[in-house]
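Numbering-wise (the numbering used here), the sequence shown opens with residue -17 and increments by one.
Glycine included, each C-beta is placed from N, C-alpha and C at the ideal position.
Contents: one structure, followed by commentary.
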Amino acid sequence: MKFNKTSLLSFAFLISKQIIKINAFPSNGEDQLNSFPYGEKEFRLGIIGDSGAEDESREVMELTTYDAILNLGDLDYNCQPDAYFEKVLDSNRKYDFLSVLGNHDAGHECPAEANRFLDNVYNEMTSSKNKNTQCEFSESKFMWSCKYYNMRIIGLTPGVSGADKRDVQLEFLKKHLSSSNEDWKICAWHFYDKYYHTGKYPDDGNIVSGSYESFYDYCKDHGAIIFSAHDHVYARTHVMSQFSEPVIDRFDEETGEDIVQIRKGATIDILNGAGGWEMYIEQGEQKDYKWWQKKYAKGSHGENEKSYGGLFCNFNVGGNKDKARCEFLRINSDEKVFDNFTIYKNENPGTIPYSQIDEKFLYEKTEAFKNGGSSGNGSKISTTKIIIGGSICAALVILGGGILLFTKKNKKYTNTYEPTIKIKLED
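The following block contains the structure:
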């Protein structure tokens, strides 16, 4: 009988893999590992902008569940400062609430109601319902810096009528971001700079930064994710290594659109103003900027006119403080999910593939589980010795290992990842 060499090697690898899997843990060990609490608390953050206080705004809020919501401004478009808090925000909410102010929440659009908008946001953010958020506000209340678990969120209002001047806001940003030691960092504001909108108002310039140092680049230098609104679309950039004069990070092209690797010196900006009040068109040179990774607007035939949405991100996926998973969800659409991607914090993407971040976390979790985990009856689970006797089994392991090494050597980055537990063989 003749055997194909490739088939024989594949069969050998399969057998050796199953031997390791069977002997690595007790029969229910993998289930226990998956349920073993390790790492940081995973939480889900919703990010919604330009929501207004419409029925659709409420529908967007009800697309999914979350632990906290970050609103990017324009809570109402009819100068009714209580409307959002009475019609959209849950009166008995179990989630934390954070919000910056937009132009429709301030003096230029609503001079008589501006203080009421400001007080409503401040009162909600400092209420007892915000159980997991610790915030520090500026004297004006237009700026804030909040800690939410292992995340630092800084909310600013450059360009908003009545708010602090840009130089004061930049100083506030620098003070709180430079001193932040949280794993995740977010910069949030309502407006945008000239290269980071899709053309509804083609003459708009640097509304956020003005003639000062780039707010975007300062956040980027500290590895913070940037969220903005005002343009009623959804648009996500490639990973950028410079914003003032746009430069796409050189490592961005090494992964697909569903993988984002950020670090100090490279991050993404997400324009997210599709929260419930009128979808905008995209037009002009802005809609064709090469640094857009994914865009969603009203559509050339108005096909998305009522399909509002929000971005919802799970941070610390499975306890991993270096991993987040996000999806942009829509109402009134046959396809609820428009965009989904995974964010890795990776300070060395040139030498460390993002898959190693998963592998490292799994290894650390496995070690913690073996050293301190419970088997369910109160006893610790010790490392199981794996005894593979006979030359046949040994050969199978060697052949399987050779195939594995060959495969890894020729492996390219991919979003498909099957974790493997590395186990030391004992005599």
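Notebook entry, point to check: Would DSSP call threonine 348 helix, strand or coil?
Noted result: helix
Note to self: Quick check on alanine 6: does DSSP put it in helix, strand or coil?
What the structure shows: Note that alanine 6 scores 48 on pLDDT, short of 50, meaning its location in the model is unreliable; the coordinates nonetheless yield the value given after this. If DSSP states are grouped into helix, strand and coil, alanine 6 belongs with the helices.
Margin query: Would threonine 219 and aspartate 185 qualify as a contact pair, given that the criterion is a beta-carbon distance under 7 Å?
Written below: no
Item checked: Element boundaries [beta strand (DSSP E), containing glutamate 118] -> 115 to 119
Check: Does DSSP put valine 215 in a helix, in a strand, or in coil?
Finding: coil
Check: Is the segment 78 to 97 touching the segment 343 to 353 in the sense that three or more CB pairs, one from each, lie closer than 8 Å?
Finding: no
Next item on the list: Evaluate proline 140 with the Cβ neighbour count: other Cβ atoms within 10 Å of its Cβ, from every protein chain shown; 16 or more gives buried, anything less gives exposed.
Entry: buried
Notebook entry, point to check: Over what stretch of residues does the beta strand (DSSP E) that includes cysteine 61 continue unbroken?
Noted result: Cysteine 61 -> no beta strand (DSSP E), and no H or E assigned at all.
Checklist line | Interface flag, asparagine 53 vs chain D, CB-CB below 7 Å | finding: Included in the structure is just one protein chain, with no chain D present.
Next item on the list: Using the DSSP secondary-structure output, state which residues sit across from lysine 167 in a beta bridge.
Entry: Arg134
Margin query: Just to check my reading of the structure: isoleucine 135 and leucine 52 have Cβ atoms closer than 8 Å, yes? What is that Cβ distance to the nearest angstrom?
Written below: The distance from the Cβ of isoleucine 135 to that of leucine 52 is about 7 Å, consistent with a contact at the 8 Å cut-off.
Check: Are at least three pairs of beta-carbons, each pair with one atom in the segment 203 to 223 and one in the segment 165 to 174, less than 8 Å apart?
Finding: yes
Note to self: Here's the rule: buried if 16 or more other CB atoms are within 10 angstroms of the residue's CB, otherwise exposed. What is arginine 232?
What the structure shows: exposed
Check: Smallest Cα separation from aspartate 321: which of Cys92, Lys157, Lys269, Arg307?
Finding: Arg307
Next item on the list: Under 7 Å Cβ to Cβ from isoleucine 263, same chain only, skipping five residues before and after it: list those, please.
Entry: Lys182, Ala279, Lys280
Check: Do you know how far the Cα of asparagine 102 is from the Cα of phenylalanine 119?
Finding: 14 Å
Margin query: Can you give me the C-alpha to C-alpha distance between methionine 107 and tyrosine 66, rounded to a whole angstrom?
Written below: 14 Å
Next item on the list: Would you tell me roughly how many angstroms separate the C-alpha atoms of leucine 62 and phenylalanine 197, rounded to the nearest one?
Entry: A quick correction: the sequence has glutamine, not leucine, at residue 62. Computed Cα separation, rounded: 31 Å.
Checklist line | Length of the line joining the Cα atoms of tyrosine 290 and isoleucine 313 | finding: 6 Å
Checklist line | Other residues of its chain near aspartate 412: CB distance less than 6 Å, five sequence neighbours each side excluded | finding: Here the chain covers residues -17 to 409 and nothing more, so residue 412 does not appear.
Check: Taking Cβ positions, are isoleucine 29 and leucine 253 nearer each other than 7 Å?
Finding: no
Next item on the list: Just the C-alpha distance for aspartate 32 and lysine 277, rounded to the nearest angstrom, thanks.
Entry: 16 Å
Margin query: Please report the distance separating the alpha-carbon of cysteine 92 from that of methionine 222.
Written below: The C-alpha of methionine 222 is placed about 36 Å away from the C-alpha of cysteine 92.
Next item on the list: Report the residue from Ser337, Pro335, Lys305, Gly258 whose alpha carbon sits nearest the alpha carbon of aspartate 37.
Entry: Gly258
Checklist line | DSSP-derived helix/strand/coil call for glycine 51 | finding: For clarity, residue 51 is isoleucine in the given sequence; the question names glycine instead. Strand at isoleucine 51.
Notebook entry, point to check: For the beta strand (DSSP E) that contains alanine 306, what are its first and last residues?
Noted result: 305 to 312
Item checked: lysine 288 - DSSP class collapsed to helix/strand/coil -> coil
Item checked: Cβ shell of serine 373 (< 8 Å), same chain only, five flanking positions each side left out -> Bear in mind that a pLDDT of 42 at serine 373, under 50, signals an unreliable position, so the number given afterwards is only what the model happens to contain. Result list for serine 373: empty, nothing under 8 Å.
Note to self: Tell me the rounded alpha-carbon separation between serine 143 and histidine 214.
What the structure shows: Near 20 Å, if we compare the C-alpha coordinates of histidine 214 and serine 143.
Margin query: Per DSSP, what are the beta-bridge partners of valine 410 in this structure?
Written below: Residue numbering for the chain in the displayed model covers -17 to 409; residue 410 lies beyond these limits and cannot be assessed.
Item checked: Continuous alpha helix (DSSP H) stretch holding glutamine 243: start and end -> Per DSSP, glutamine 243 belongs to no alpha helix (DSSP H); it is in the beta strand (DSSP E), 241 to 244.
Note to self: Can you look up leucine 387 in the DSSP assignment and give me helix, strand or coil?
What the structure shows: Because the pLDDT of leucine 387 is 44, which lies under 50, any placement of that residue in the model is unreliable, and the number read from its coordinates should be weighed accordingly. In the three-state reduction of the DSSP assignment, leucine 387 falls in the helix class.
Item checked: Nearest-angstrom Cβ-Cβ length linking glutamine 268 and threonine 180, presumed shorter than 8 Å -> 5 Å
Check: When you compare each of Asp203, Phe310, Gly284, Tyr59 to valine 42 by their alpha carbons, which one comes out closest?
Finding: Phe310
Next item on the list: Measure the beta-carbon distance from tyrosine 174 to isoleucine 189 and round it to whole angstroms, keeping in mind my assumption that it falls under 8 Å.
Entry: 6 Å
Note to self: By alpha-carbon positions, which one of Ser73, Glu22, Leu15 ends up nearest to arginine 40?
What the structure shows: Ser73
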